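Student: Heads up: the sequence shown at position 125 corresponds to 125 in full-length UniProt numbering, and the numbers run straight through without jumps.
All C-beta atoms in this analysis are idealised placements derived from N, C-alpha and C, irrespective of residue type, glycine included.
These numbers were taken from a predicted model, which means no experiment stands behind them.
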Amino acid sequence: MVDSRTFRDLHGILQSSGTSTIAWVGEAGGAYNSGHNLVTNAFVFSFWYLDQLGMTASYDTKTYCRQSLIGGNYGLLNTTTYLPNPDYYSALLWHRLMGRHVLSTRFVRDKQDYAYMLTVQRNRLESHCSLINLDNSYSS
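#1: Buried or exposed for residue 94, going by 16 or more other Cβ atoms inside 10 Å?
#2: Sort 6, 104, 102 and 53 by Cα distance to residue 92 and report the nearest one.
#3: Apply the 10 Å Cβ neighbour rule to residue 7 and answer buried if 16 or more other Cβ atoms are within range, or exposed otherwise.
#4: What are the complete alpha helix (DSSP H) segments, minimum 4 residues, inside the stretch 13-76?
#5: Among the residues of its own chain, which have a CB less than 7 Å from the CB of residue 105, if the five just before and after it don't count?
#6: With distances taken Cα to Cα, identify the nearest neighbour of residue 55 among 136, 135, 10 and 126.
#7: Apart from the five residues on each side of it in sequence, which residues of its chain come closer than 8 Å, Cβ to Cβ, to residue 65?
#8: So for residue 127, helix, strand or coil by DSSP?
#9: Measure the Cβ-Cβ separation of residue 45 and residue 87 and say whether it is below 9 Å.
#10: Alpha carbon to alpha carbon, how far is residue 17 from residue 78?
#11: Using alpha carbons as the reference points, say which of 132, 59, 50 and 103 lies closest to residue 5.
Right, here's the structure in full:
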């Protein structure tokens, strides 16, 4: 799995290149070898996907391509029923709610908690926030 260092380093290289080159994420599915049934195609895996969408947006990545629409255990659609897997709904919500302009967030708590804030698609004065807690325990 890709961590923020990879995106940060690539962003720095592209900024220093002096070109208009932009970064894309291609063939991303969060797992190799077709994933694992009831893990990479389950609700809990959507937290990983939303984190990836937020992290890539934070480093000005313009396009995020999934490994597959249908196939393996990480496609957006079920391979036998063609019904949407949970990540499909995560992608749909992200597309409908989150915009292209990333606002800086400062969230100091734990390395298992993430916060992303983006302006709304059609209105720079309105923003939506995605908070993700990947810790297996909760404390207030």
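Tutor: This is what the structure holds:
#1: By one-based count along the sequence shown, residue 94 stands at place 94. With 16 or more other Cβ atoms within 10 Å, it is buried.
#2: The count along the sequence shown starts at 1 and reaches residue 92 at position 92. The shortest C-alpha separation from residue 92 is found at 53.
#3: For this step, residue 7 is matched to residue 7 along the sequence shown. That one is buried.
#4: As far as the stretch 13-76 is concerned, its whole alpha helix (DSSP H) runs of at least 4 residues are 46-58.
#5: In the sequence shown, counting from the first residue as 1, residue 105 sits at position 105. Within its own chain, the residues whose Cβ lies closer than 7 Å to the Cβ of residue 105, once the five positions on either side in sequence are excluded, are 115, 116 and 117, listed in chain order.
#6: Stepping through the sequence shown from its first residue, residue 55 is reached at position 55. Answer by Cα proximity: 10.
#7: Numbered from 1 along the sequence shown, position 65 holds the residue referred to as residue 65. 24, 25, 26, 27 and 28.
#8: Here residue 127 corresponds to residue number 127 of the sequence shown, with the count starting at 1. Secondary structure at residue 127: strand, using DSSP grouped into helix, strand and coil.
#9: Within the sequence shown, residue 45 is the residue found at index 45, counting from 1. Within the sequence shown, residue 87 is the residue found at index 87, counting from 1. A contact, by the Cβ cut-off of 9 Å.
#10: Within the sequence shown, residue 17 is the residue found at index 17, counting from 1. Within the sequence shown, residue 78 is the residue found at index 78, counting from 1. Going from the Cα of residue 17 to the Cα of residue 78 covers about 41 Å.
#11: For the purposes of this step, residue 5 is taken as the residue at position 5 of the sequence shown. Answer by Cα proximity: 59.
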